[in-house]
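What follows is a single structure, written as C-alpha cells, with notes after it.
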Amino acid sequence: MSESPVIVWFTHDLRLADNAALVKAVETCRPILPVYILDDETPGDWAMGGATRWWLEQSLHALDTAIAEKGGRLCLRRGGSLDVLKALAGETAAHAIYFSRNHAPWSGKLEQDIASWCRENGIECKRFAGYLLHDPENIRTGAGDPYKVYTPFSKACFATEPFREPRAVPDNMQFWLGGIAKDDIADWKLYDGKPDWASQFAERWTPGEAGARDKLERFIAEAVGDYKDDRDRPDLFATSRLSPHLHFGEISPHQCWHATRHAMADGRRNVDRGAEHFLKELLWREFSYHLLHHWPDLMSEPFRPEFADFPWSDDDDALNAWQRGDTGYPIVDAGMRELWATGWMHNRVRMIAASFLIKDLLVPWQRGEAWFWDTLVDADIGSNSASWQWVAGCGADAAPYFRIFNPVLQGEKFDPDGAYVRRWVPELKRLPPAFIHKPWEAPALVLKDAGVVLGKTYPKPMVDHGKARDAALAAYQKIRKSA
DNA sequence: TGAAATGTTGGGGCG
DNA sequence: ACGCCCCAACATTTC
0 MSESPVIVWF
10 THDLRLADNA
20 ALVKAVETCR
30 PILPVYILDD
40 ETPGDWAMGG
50 ATRWWLEQSL
60 HALDTAIAEK
70 GGRLCLRRGG
80 SLDVLKALAG
90 ETAAHAIYFS
100 RNHAPWSGKL
110 EQDIASWCRE
120 NGIECKRFAG
130 YLLHDPENIR
140 TGAGDPYKVY
150 TPFSKACFAT
160 EPFREPRAVP
170 DNMQFWLGGI
180 AKDDIADWKL
190 YDGKPDWASQ
200 FAERWTPGEA
210 GARDKLERFI
220 AEAVGDYKDD
230 RDRPDLFATS
240 RLSPHLHFGE
250 ISPHQCWHAT
260 RHAMADGRRN
270 VDRGAEHFLK
280 ELLWREFSYH
290 LLHHWPDLMS
300 EPFRPEFADF
310 PWSDDDDALN
320 AWQRGDTGYP
330 IVDAGMRELW
340 ATGWMHNRVR
350 MIAASFLIKD
360 LLVPWQRGEA
370 WFWDTLVDAD
380 IGSNSASWQW
390 VAGCGADAAP
400 YFRIFNPVLQ
410 GEKFDPDGAY
420 VRRWVPELKR
430 LPPAFIHKPW
440 EAPALVLKDA
450 GVVLGKTYPK
460 PMVDHGKARD
470 AALAAYQKIR
480 KSA
C-alpha cells in the first residue's frame, strides 16, 4: 500500500497552473489524489444547468488528460461533497484534503463542515484562496461596511495592487495510484446529445486550461487595445470570451490581471486605454461576488426590497417567445438565438435582451435569470444574479428602473450594419441596413425584395416598444409610491 | 453600461 | 436693416 495521500479536491479551479492547493499539496512530498465531485445536492435549486454541464464534461476531459501527462488520473465521484470526501478519505486513509475556496452562498457551510469533520478525524484540511482577487470580507469602506457601489469598490481594489503573481505548474508531482472506485464520466450523462442542442458549442469553444490560455493570449495580442471602443459591438470579435473559462477556473483572475498589466507595461502598442477597461470588467465580476457574499439571497430576492411588490406579468407565452428568439425585435432575437446555438451571448446584447424581458414584457427577472442559468456556458451564480438585478433596477448599484433600452436604437448603435442580426436571424439577412433593426417599418417592396413576410417568415413585434415602455413606467410608479 | 420630453440657442429665410 | 418665425442642433430635465 502506498503512502497515505493528500486529496486535492478540484472545484472551480480546473487547472494546473496558478493552483495553490496543488502547489501546497506537492510541497508535502506526499502522493496526490486529484478529485472532482459532481455535487447536485449541496447547491439546492442552483445545481448546474445544461450548458455548464456540457462544458464541465469537456473541461474534466482536458484536466484528466493534463494530469495523465504528469502520470496521474483524475478521480471522479458523484454525490454530496461532504459525504464523498468522507468516503474517499476513509478508502484511501488520506493524510489531508486541500482545496480552493468557493464563493457560492452554500459553499461556506460546506467548507466549514469539511474542516470540522477533518479536525475530528485527525485529517489535515487546508483551504486556499478562491477564484477572486480578494476574499470578499477583506474589501471594506472606510466605515467598515461592504461596498454597495461599483466605482468606489473598484478604486479600493486598484489601490491594493499589485496582486500576487500567478503560480507555475508544480513539477515533480507524485500521484497516489491506489486502486479505488472511480466514476466513468460517461455515466454522469452530463450531455446526452438528444436533442443535439449543443452541436455548435464545440465549434465555438475549447474548454480546458489550454483553451483558456489561448483565448487570453489572443485577446491580449489582438483586441485588448481596442476593448474600450469596441467591446459593445456584438458584430465584432472585440471581447475576451473568457467568461466560461473563468467560471470553471481554467484560468484565474490573477493570470488575466497580470497578463493585462504586462501588456500595458511593455509599451510597444497603445494598449492602455482598452486594457484599463478590461481590468475594470474583471472587477465587475469581483463586485458581483462581493455583493453575493454579503447578501447571500441575491439570486432570488431583490436587493431593493420595494421590488418585492412589483406588479409583474408572469406570462409563459411571452417568456417562451423570448427564449426562442421570436420577439419580432431583431437584436433581441439574434441574442437569444446566439445563446441557444453557442451557450453564450455578447454582454451588450445580454443587457438589451434582459431589458426587453423585464421592461417590455414585465416578466420577473428571476425567470430570465433561470433561463440564463440553464443555457449559458458561463452561467455563474455571482455575475448572473448581480447582472439580472442590475438590469431590473432592483440591484445594489443598478441601472434605475426607468432606464429602459430601446431595442431598435440599441441595435442601430451597436450593430450599425446589422451584421450580427444577419448572422443569427438569417431570414432577415437580405434586408437593407436601414430596416434590419425595424423590419415592420420597411416598405412592402423592400420586404418583398428581401423575401420577408412579417408574421410568416419572421414575427411581427410581439409588443409595441413605446407602449410597453409607458406600461413599465406606470408599473414602476406603483412601487415607488408604496416605498 | 438610456431614451424621451422639454428647453435653449442660433442660423437663415422672409417680409 | 431688422424682427419674426422656423427648426435643426444641442443641452437639460424627467421618467
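Residue numbers for the first sequence follow numbering that gives the first Met the number 0, so the first one is 0 and each next one is one higher. Glycine included, C-beta positions come from ideal geometry on N, C-alpha and C. Please read all numbers here as calculations on a predicted model, not as lab measurements.
Thinking just about the alpha-carbon of each residue, which of the options is nearest to the one in residue i?
{"i": "I357", "options": "A86, K412, T150 and Y475", "result": "Y475"}
{"i": "R429", "options": "A20, V445 and D191", "result": "V445"}
{"i": "Y328", "options": "D228, Y288, A167 and H464", "result": "H464"}
{"i": "A262", "options": "E305, E216 and F306", "result": "E216"}
{"i": "N137", "options": "C124, A155 and I122", "result": "A155"}
{"i": "D379", "options": "D396, E440, F218 and L241", "result": "L241"}
{"i": "G78", "options": "L318, T41 and E300", "result": "T41"}
{"i": "V270", "options": "L281, I219 and R232", "result": "I219"}
{"i": "D469", "options": "E440, R366 and L360", "result": "L360"}
{"i": "L206", "options": "P104, D63, S299 and N120", "result": "Reading off the sequence shown, one finds Pro at residue 206, where the question assumed Leu. Answer by Cα proximity: D63."}
{"i": "N405", "options": "P194, P145 and K466", "result": "K466"}
{"i": "P104", "options": "G43, H94, R118 and M344", "result": "G43"}
{"i": "G399", "options": "T140, R479, Y35 and L338", "result": "Correcting the residue type first, residue 399 is Pro in the shown sequence and not Gly. Measuring from the Cα of P399, the nearest candidate turns out to be R479."}
{"i": "A395", "options": "P460, L290 and N346", "result": "L290"}
{"i": "C255", "options": "L281, A92, R272 and S287", "result": "L281"}
{"i": "T326", "options": "M47, G454, P145 and A61", "result": "G454"}
Rounded C-beta distance between residue i and residue j? I'm assuming under 8 Å.
{"i": "S99", "j": "T10", "result": "6 Å"}
{"i": "L427", "j": "P438", "result": "6 Å"}
{"i": "L37", "j": "W187", "result": "6 Å"}
{"i": "D234", "j": "D17", "result": "Not confirmed; about 34 Å, so no contact."}
{"i": "R14", "j": "E208", "result": "4 Å"}
{"i": "W54", "j": "P243", "result": "6 Å"}
{"i": "A237", "j": "T259", "result": "Actually they do not touch by this definition, with Cβ atoms about 15 Å apart."}
{"i": "D12", "j": "G248", "result": "4 Å"}
{"i": "T374", "j": "G49", "result": "7 Å"}
{"i": "R166", "j": "V22", "result": "5 Å"}
{"i": "R212", "j": "I250", "result": "7 Å"}
{"i": "L131", "j": "E285", "result": "6 Å"}
{"i": "S299", "j": "Q199", "result": "Actually they are not in contact, since the Cβ atoms of S299 and Q199 sit about 31 Å apart, beyond 8 Å."}
{"i": "P4", "j": "H94", "result": "7 Å"}
{"i": "V7", "j": "A20", "result": "5 Å"}
Would a C-beta distance cut-off of 8 Å place residue i and residue j closer than the cut-off?
{"i": "M172", "j": "K69", "result": "yes"}
{"i": "Q388", "j": "L297", "result": "yes"}
{"i": "V362", "j": "D314", "result": "yes"}
{"i": "W102", "j": "G129", "result": "The amino acid at residue 102 is misidentified as Trp; the sequence shows His. Cβ distance < 8 Å, so H102 and G129 count as in contact."}
{"i": "V376", "j": "T51", "result": "yes"}
{"i": "G89", "j": "I31", "result": "no"}
{"i": "F355", "j": "W321", "result": "yes"}
{"i": "G417", "j": "I435", "result": "yes"}
{"i": "L109", "j": "S80", "result": "yes"}
{"i": "I66", "j": "I96", "result": "no"}
{"i": "L73", "j": "P33", "result": "yes"}
{"i": "H292", "j": "P135", "result": "yes"}
{"i": "H276", "j": "K214", "result": "no"}
{"i": "L87", "j": "D182", "result": "no"}
{"i": "F56", "j": "L245", "result": "Sequence check: residue 56 is Glu here, not Phe. No, the pair does not count as a contact, with Cβ atoms beyond the cut-off."}
{"i": "M350", "j": "V407", "result": "no"}
{"i": "A353", "j": "M335", "result": "no"}
For residue i, count neighbouring C-beta atoms within 10 Å of its own C-beta (all shown protein chains included) and say buried if the count is 16 or more, exposed if not.
{"i": "M0", "result": "Unreliable placement is indicated for M0, whose pLDDT of 46 sits below 50; no coordinate value is reported for it."}
{"i": "S239", "result": "buried"}
{"i": "C28", "result": "exposed"}
{"i": "G24", "result": "Rather than Gly, the amino acid found at residue 24 in this sequence is Ala. By the neighbour-count rule (16 or more Cβ atoms within 10 Å), A24 is buried."}
{"i": "E368", "result": "buried"}
{"i": "D448", "result": "exposed"}
{"i": "G450", "result": "exposed"}
{"i": "V148", "result": "exposed"}
{"i": "D316", "result": "exposed"}
{"i": "A333", "result": "buried"}
{"i": "T440", "result": "For the sequence presented, residue 440 should be read as Glu rather than Thr. The residue in question, E440, is exposed, as its Cβ has fewer than 16 Cβ neighbours within 10 Å."}
{"i": "V424", "result": "buried"}
{"i": "D265", "result": "exposed"}
{"i": "N120", "result": "exposed"}
{"i": "I179", "result": "exposed"}
{"i": "P301", "result": "buried"}
{"i": "R268", "result": "exposed"}
{"i": "Q409", "result": "buried"}
Mind checking who residue i pairs with in its DSSP beta bridge?
{"i": "E123", "result": "A95"}
{"i": "V34", "result": "W8 and C74"}
{"i": "L453", "result": "Y457"}
{"i": "F174", "result": "I31"}
When you measure from the CB of residue i to every non-hydrogen atom of the ligand FMN, does any distance come out below 7 Å?
{"i": "G450", "result": "This structure does not include the ligand FMN; it has no bound ligands of any sort."}
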